[in-house]
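**Student:** Take a look at the following structure, please.
Residue numbers (the UniProt record's numbering): 1 to 381.
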């Protein structure tokens with residue numbers, strides 16, 4: 001248990017407006033971990049481990065805030081498969097003026113879903129390895145949720161340990177802004193880094209890097225969308241385990257009317273003559289930048305005792321930053337976890353666990369209980 005937090009395995013349902021839920025290490029293995037049905041609720045300084053359900057559901061409520069929180073799907077699928085059921089980190093429906101800040105999401109089907117929820121403000125959001133069953137798998141999705149924003153964010157997806165569609169998706173949501181972010185990794189043959197669809201006029205993307213994209217970097221089928229100071233690095237035209245990119249790795253798609261691409265660059269393109277495409281791409285202000293380097297992604301660093309979080313910038317190594325460590329489950333709650341192709345440390349609980357390291361040089365810690373530990377391939381211990 002993280003120091004400073006109280007462990008619980010009981011799902012929470014709000015009871016009144018203005019309720020504050022804080023300082024919890026919450027483990028729920030079936031159903032939604034927290035359900036909000038009241039206005040102006042605040043969720044802060046919590047870790048949520050959810051499986052076979054969502055981390056947080058906000059429905060028919062306004063002015064809800066989630067801050068300084070880590071939300072983890074504790075039972076993700078193997079490799080680059082998609083989840084069979086619902087496991088969204090934060091699901092927000094018919095809930096105007098939602099706010100999330102300094103939140104990290106890991107291994108969910110979708111990180112944050114906003115449906116019919118105008119005026120959302122998302123900042124300092126970090127995500128790792130999403131596993132949506134098509135067409136889900138987004139880091140953040142705005143659906144019929146106008147006048148929202150996502151700023152100061154970072155998301156990474158291991159091609160061998162995720163099942164992504166569009167990293168950031170905007171559908172039928174006018175005047176949404178996406179700014180100051182790094183998107184690293186997309187193994188979908190049809191998904192892109194940032195996508196506008198339907199009635200999403202007035203959207204703007206500014207100061208955003210996309211790295212290791214397969215099918216595309218930035219795309220708009222909506223009219224009057226602007227891509228300003230956007231950058232692509234090392235996009236990929238090859239099959240990443242889910243099929244060849246349908247666009248042959250185009251970087252910018254400007255299909256909608258009045259789509260503008262301004263002051264944007266590309267570095268190490270997979271297909272040199274497939275940079276920008278679509279009726280609005282003729283005037284694109286795009287150029288090669290062979291010596292450019294990506295921005296360093298943000299990383300939320302939590303202090304559970306103090307109840308605060310700082311956003312720091314790590315060191316760029318050329319690899320995706322590692323996801324945050326996940327604590328062991330509380331006594332009495334067993335785990336059934338499969339690893340990935342990478343090296344990782346898997347820690348069990350005080351109950352009977354089933355841990356399978358799969359590939360990679362893994363470290364398996366069963367702790368108490370009658371555990372089953374499987375190293376798989378690699379040099380394990």
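Positions of the beta carbon are idealized from the N, C-alpha and C atoms, including for glycine.
Check this for me: beta carbons of residue 242 and residue 169, under 8 Å apart or not?
**Tutor:** Numbered from its first residue, the chain shown carries residue 242 at position 242. Numbered from its first residue, the chain shown carries residue 169 at position 169. No, the Cβ-Cβ distance between residue 242 and residue 169 is not below 8 Å.
**Student:** Can the beta-carbon of residue 82 be found closer than 8 Å to that of residue 55?
**Tutor:** Working through the chain shown from its first residue, we reach residue 82 at position 82. Working through the chain shown from its first residue, we reach residue 55 at position 55. No; because the gap between Cβ atoms is not below 8 Å, this pair is not in contact.
**Student:** Could you pull the start and end residues of the beta strand (DSSP E) that residue 253 belongs to?
**Tutor:** For this step, residue 253 is matched to residue 253 along the chain shown. First-last of the beta strand (DSSP E) with residue 253: 252–254.
**Student:** Under the three-state reduction of DSSP, which class applies to residue 60: helix, strand or coil?
**Tutor:** Taking the first residue of the chain shown as position 1, residue 60 is located at position 60. Residue 60 falls in the coil class under three-state DSSP.
**Student:** Look at residue 4 and residue 30 and say whether their C-beta atoms are less than 8 Å apart.
**Tutor:** Indexing the chain shown from 1 puts residue 4 at position 4. Indexing the chain shown from 1 puts residue 30 at position 30. No.
**Student:** Can you list, in chain order, the stretches of the beta strand (DSSP E) that have 3 or more residues and sit fully within the segment 109–153?
**Tutor:** The segment 109–153 contains these whole beta strand (DSSP E) runs: 112–115, 121–128 and 140–143.
**Student:** Pull up the CB-CB distance for residue 271 and residue 249, whole angstroms please, since I reckon it's below 8 Å.
**Tutor:** The count along the chain shown starts at 1 and reaches residue 271 at position 271. The count along the chain shown starts at 1 and reaches residue 249 at position 249. Contact holds; Cβ gap of about 5 Å.
**Student:** Could you tell me the distance, in whole angstroms, from the CA atom of residue 206 to the CA atom of residue 163?
**Tutor:** Numbered from its first residue, the chain shown carries residue 206 at position 206. Numbered from its first residue, the chain shown carries residue 163 at position 163. If you take the alpha carbons of residue 206 and residue 163, they lie about 26 Å apart.
**Student:** Is DSSP giving residue 238 helix, strand or coil here?
**Tutor:** On the chain shown, residue 238 is found 238 positions in, with the first residue counted as 1. Coil, per DSSP.
**Student:** Assess contact between the segment 64–79 and the segment 100–119, defined as three or more Cβ pairs (one per stretch) separated by less than 8 Å. Is contact present?
**Tutor:** yes
**Student:** Could you check which residue in 196, 27 and 21 has the C-alpha nearest to that of residue 9?
**Tutor:** To locate residue 9, count along the chain shown from 1; it is residue 9. The residue with the shortest Cα to Cα distance from residue 9 is 27.
**Student:** With DSSP as the reference, identify every bridge partner of residue 209, one or two as the case may be.
**Tutor:** The residue given as residue 209 occupies position 209 in the chain shown. Partner(s): 182 and 231.
**Student:** Could you tell me how far apart the beta carbons of residue 153 and residue 120 are, in whole angstroms, since I believe they sit closer than 8 Å?
**Tutor:** Locating residue 153 in the chain shown gives position 153, where the first residue counts as 1. Locating residue 120 in the chain shown gives position 120, where the first residue counts as 1. About 13 Å; that fails the 8 Å criterion.
**Student:** Can you check which of these residues, 177, 306, 23 and 38, is closest to residue 60 by C-alpha distance?
**Tutor:** Reading the chain shown from its first residue, position 60 is the one you call residue 60. Closest by alpha carbon: 38.
**Student:** CA-CA distance, residue 335 and residue 177?
**Tutor:** On the chain shown, position 335 is the one that residue 335 refers to. On the chain shown, position 177 is the one that residue 177 refers to. Residue placement at residue 335 cannot be trusted, given a pLDDT of 49 that sits under 50; the coordinates are not used to answer.
**Student:** Let's test the definition: count the other Cβ atoms within 10 Å of the Cβ of residue 273 and tell me whether it reaches 16, buried, or not, exposed.
**Tutor:** On the chain shown, position 273 is the one that residue 273 refers to. By the neighbour-count rule (16 or more Cβ atoms within 10 Å), residue 273 is not buried but exposed.
**Student:** Can you tell me whether residue 6 is buried or exposed, with buried defined as 16 or more other CB within 10 angstroms of its CB?
**Tutor:** Locating residue 6 in the chain shown gives position 6, where the first residue counts as 1. When all chains shown are included, residue 6 counts as exposed.
**Student:** State the Cα-Cα distance for the pair residue 44 and residue 290, rounded to the nearest angstrom.
**Tutor:** Indexing the chain shown from 1 puts residue 44 at position 44. Indexing the chain shown from 1 puts residue 290 at position 290. Going by C-alpha positions, residue 44 is about 43 Å away from residue 290.
**Student:** Locate the beta strand (DSSP E) running through residue 303, then write down its first and last residues.
**Tutor:** Here residue 303 refers to the residue found at position 303 when the chain shown is read from its first residue. Its beta strand (DSSP E) spans residues 298–303.
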